[in-house]
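*Asks:* Please find one structure pasted underneath; my questions will follow.
In our numbering, the protein residues as written are 127 to 732.
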């Protein structure tokens with residue numbers, strides 16, 4: 127896709143066109159705006175600025191249209207000191223800090239032209255503007271020289287700083303509502319000095335492939351970092367006519383290209399120059415797995431052990447965590463961390479609330495001191511259970527929706543142990559049992575500039591959990607290490623197996639155990655030397671008919687074989703029993719005992 131930028135006047139929506147804060151403002155306060163903070167919460171960003179820059183930002187809030195974090199500092203001196211820190215690294219990104227120069231009022235619920243006054247009329251005007259500027263055949267949205275558009279100018283959209291600042295976010299909101307399919311956008315000749323006013327472009331059109339910013343006033347390559355990880359499909363970029371490229375120094379040009387390639391991982395063409403081989407780039411960015419599987423097990427014995435262990439572990443985790451403590455010993459360790467970055471959500475309101483988790487989060491990328499790191503690592507049953515009680519109550523749909531989870535299991539032969547990693551999501555069902563201690567943790571981690579929340583909302587979250595399980599006495603199992611990561615929920619389609627993939631080898635089943643010694647199945651076990659001992663002559667899930675294996679996943683197949691062995695039901699009635707019991711082992715046994723006498727003789731294997 128090629129662009130041709132116009133040469134008209136440069137007046138545009140890029141000059142002094144920022145939002146004003148809707149909060150209360152004192153006469154001696156100066157407003158600032160911060161971008162690049164989304165790897166953490168607003169409160170964490172403000173606290174970081176206080177620690178790092180020694181500047182207090184108050185009355186802060188998030189502008190949901192631009193993603194900017196706005197607040198007030200005490201004086202112009204503090205504002206200048208803060209802007210000098212622009213570019214400082216925070217939560218894996220660089221902060222962009224600027225002063226807000228306009229004195230206009232806040233951005234209302236709708237945008238209307240000054241001469242018209244009606245929100246509905248403004249929507250009609252902008253809708254018509256978009257339709258005239260959109261070429262559906264080549265999926266191009268032409269937004270060049272917008273201030274020269276006679277209709278917009280006549281309606282006064284650029285008559286003041288206030289209306290100018292509202293134009294582009296409102297335009298992107300309407301473009302999103304129209305569901306325009308845009309792969310190319312031209313924003314040439316708009317007098318842009320940075321990307322703050324057009325930041326919503328990356329939200330509305332995340333799959334943009336071609337972008338022209340010809341003849342603007344972009345002077346620093348750092349301004350593009352606000353789009354890092356957002357326009358990951360961008361292939362072609364045009365920056366000719368910007369001060370950024372007004373250099374003949376080869377090393378500076380090389381640096382600019384290098385920085386742009388870091389921001390846009392699929393960038394191939396810059397101002398008509400091919401920067402790298404696109405075919406090689408495509409191969410490097412393509413996963414080499416032809417048929418990904420939701421589950422990986424090093425061998426069949428490890429699969430049988432891990433599936434039984436996880437099924438029973440999470441049943442108790444959701445119902446009674448106290449019963450899990452027999453799996454932990456004095457040397458056992460447990461910790462959790464919060465990954466507050468949300469790759470799928472650019473709108474801050476979509477970010478989960480991690481209020482219950484942040485105070486004791488052991489995120490090693492944010493905790494640098496040894497003392498802080500060790501204080502958030504629980505050793506032994508007492509400390510581990512105390513930490514368990516400070517986490518919200520949960521519900522994992524592991525048995526009813528197993529396709530929403532992914533698991534990997536492999537052996538650690540030096541320890542005679544196995545490593546089990548489970549990925550998925552859960553629903554928070556109630557606040558932590560030890561809520562008083564949680565509130566104390568939050569109080570100790572809250573600085574005087576943060577306000578206390580009256581109630582933390584419950585919701586859905588994603589997780590990754592890694593357990594190192596070692597053999598104990600009497601064929602019991604011990605959790606040596608337990609590491610839990612709490613993050614935003616992601617689409618479970620990533621965990622669902624490929625229907626065209628071959629069915630993995632199944633393993634020897636075992637009865638669903640309780641806690642302690644019974645978590646190790648009576649079939650294949652791990653003895654103290656770490657050598658697996660199979661159970662000979664026992665039917666396995668691999669013996670199930672092909673149509674059964676095609677309809678049910680590995681965990682369900684294991685449970686079905688257990689039920690068939692214990693009840694002597696035939697496959698038809700066994701499947702019926704499991705389905706009516708929601709694939710819960712204990713419920714299957716209960717339902718079977720209550721109805722066995724009423725079943726016909728042909729329900730059983732003769």
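We treat Cβ as the ideally placed atom computed from N, Cα and C, and that holds for glycine.
1) What are the boundary residues of the alpha helix (DSSP H) that includes residue 168?
2) Could you please give me the residues that DSSP links to residue 536 through a beta bridge?
3) So is residue 731 buried or exposed if we call it buried at 16+ other beta carbons inside 10 Å?
4) Residue 454 by DSSP, collapsed to three states: which one?
5) Ignore the nearest five residues each way along the sequence and tell me which others in residue 506's own chain have a CB closer than 8 Å to its CB.
6) Is the distance from the Cβ of residue 584 to the Cβ of residue 518 below 8 Å?
7) Any contact between the segment 490–510 and the segment 427–434? By contact I mean 3 or more CB pairs, one from each, below 8 Å.
8) Since residue 346 is in the alpha helix (DSSP H), which residue starts that stretch and which ends it?
9) Please report the Cβ distance between residue 536 and residue 428, rounded to the nearest whole angstrom; I am assuming they are in contact, meaning their Cβ atoms lie under 8 Å.
10) Is residue 226 closer than 8 Å to residue 158 when the C-beta atoms are compared?
11) If you scan the segment 330–412 from start to end, which runs of the beta strand (DSSP E) of 3 or more residues do you find wholly inside it?
12) Mark residue 720 as exposed unless 16 or more other C-beta atoms lie within 10 angstroms of its C-beta, in which case mark it buried.
13) Is the segment 202–222 close to the segment 323–337, with three or more CB pairs under 8 Å?
14) Of the residues 327, 219 and 544, which one's Cα is nearest the Cα of residue 425?
15) What are the boundary residues of the alpha helix (DSSP H) that includes residue 698?
16) Contact defined as beta carbons within less than 8 Å: I believe residue 168 pairs with residue 188. What is the distance between those atoms, to the nearest angstrom?
17) What is the C-beta distance between residue 271 and residue 316, in whole angstroms, given that I count them as a contact (C-beta under 8 Å)?
18) Give the DSSP-derived three-state secondary structure of residue 528 in the structure shown.
19) Just mark residue 375 as buried or exposed, buried being the case when its beta carbon has 16 or more other beta carbons within 10 Å.
20) Could I get the ranges of all uninterrupted alpha helix (DSSP H) runs contained in the segment 183–216, with 4 residues as the minimum, in chain order?
21) Tell me the residue span of the beta strand (DSSP E) that contains residue 723.
22) Check whether the segment 255–271 touches the segment 296–308, counting contact only when three or more Cβ pairs, one atom from each stretch, lie closer than 8 Å.
23) When you compare the CB of residue 690 with every CB in chain B, is at least one pair closer than 8 Å?
24) Alpha carbons only, please: which of 250, 465, 396 and 390 is nearest the one belonging to residue 371?
25) Within 10 angstroms of its Cβ, does residue 356 collect 16 or more other Cβ (buried), or is it exposed?
26) So, helix, strand or coil for residue 521, using DSSP?
27) Have a look at residue 386 and residue 361 and give me their C-alpha separation to the nearest angstrom.
28) Who pairs with residue 460 in a beta bridge, going by DSSP?
29) At what residues does the beta strand (DSSP E) containing residue 590 begin and finish?
30) Am I right that residue 161 and residue 222 are in contact with their C-beta atoms under 8 Å? What's the rounded C-beta distance?
31) Can you have a look at residue 578 and say buried or exposed, based on whether 16 or more other CB atoms are within 10 angstroms of its CB?
32) Identify whether residue 302 lies in helix, strand or coil by the three-state DSSP scheme.
33) Going by Cα to Cα distance, which pick from 377, 615 and 212 is closest to residue 477?
34) With a 10 Å radius around its C-beta and 16 neighbouring C-beta atoms as the bar for buried, classify residue 231 as buried or exposed.
35) Using CA coordinates, which residue listed in 669, 220, 171 and 560 is at the minimum distance from residue 447?
36) In chain order, what residues of the same chain lie with their CB nearer than 6 Å to the CB of residue 592, ignoring the 5 residues before and after it?
*Replies:* In terms of the structure at hand:
1) 168–179
2) 545
3) exposed
4) In the structure shown, residue 454 sits in coil (DSSP, three-state: anything other than H, G, I, E or B).
5) 454, 455, 456, 457 and 458
6) yes
7) no
8) Where residue 346 is concerned, there is no enclosing alpha helix (DSSP H), given that its DSSP letter is neither H nor E.
9) 7 Å
10) yes
11) 336–338 and 362–364
12) By the beta-carbon neighbour count (other beta carbons within 10 angstroms, threshold 16), residue 720 is exposed.
13) Taking 8 Å as the limit for Cβ pairs, the verdict is that the segment 323–337 does not touch the segment 202–222.
14) 544
15) 697–706
16) 6 Å
17) 7 Å
18) Judged by DSSP in its simplified three-state form, residue 528 adopts helix.
19) exposed
20) 202–209
21) In the DSSP assignment, residue 723 falls outside any beta strand (DSSP E) and carries neither an H nor an E.
22) yes
23) In the displayed structure, chain B is absent; only one protein chain is listed.
24) 396
25) buried
26) strand
27) Distance between the alpha carbons of residue 386 and residue 361: 11 Å.
28) Under DSSP, residue 460 shares a beta bridge with 504 and 608.
29) Segment 586–597, the beta strand (DSSP E) holding residue 590.
30) At roughly 4 Å, the Cβ-Cβ gap stays under 8 Å, so residue 161 and residue 222 are in contact.
31) Because residue 578 carries a pLDDT of 46, less than 50, the predicted location of this residue cannot be relied on, and the following value inherits that uncertainty. Per the 10 Å Cβ criterion, exposed.
32) In this structure, DSSP gives residue 302 a helical state, which the three-state scheme calls helix.
33) 615
34) Because residue 231 carries a pLDDT of 31, less than 50, the predicted location of this residue cannot be relied on, and no value is offered for it.
35) The shortest C-alpha separation from residue 447 is found at 560.
36) 547 and 609
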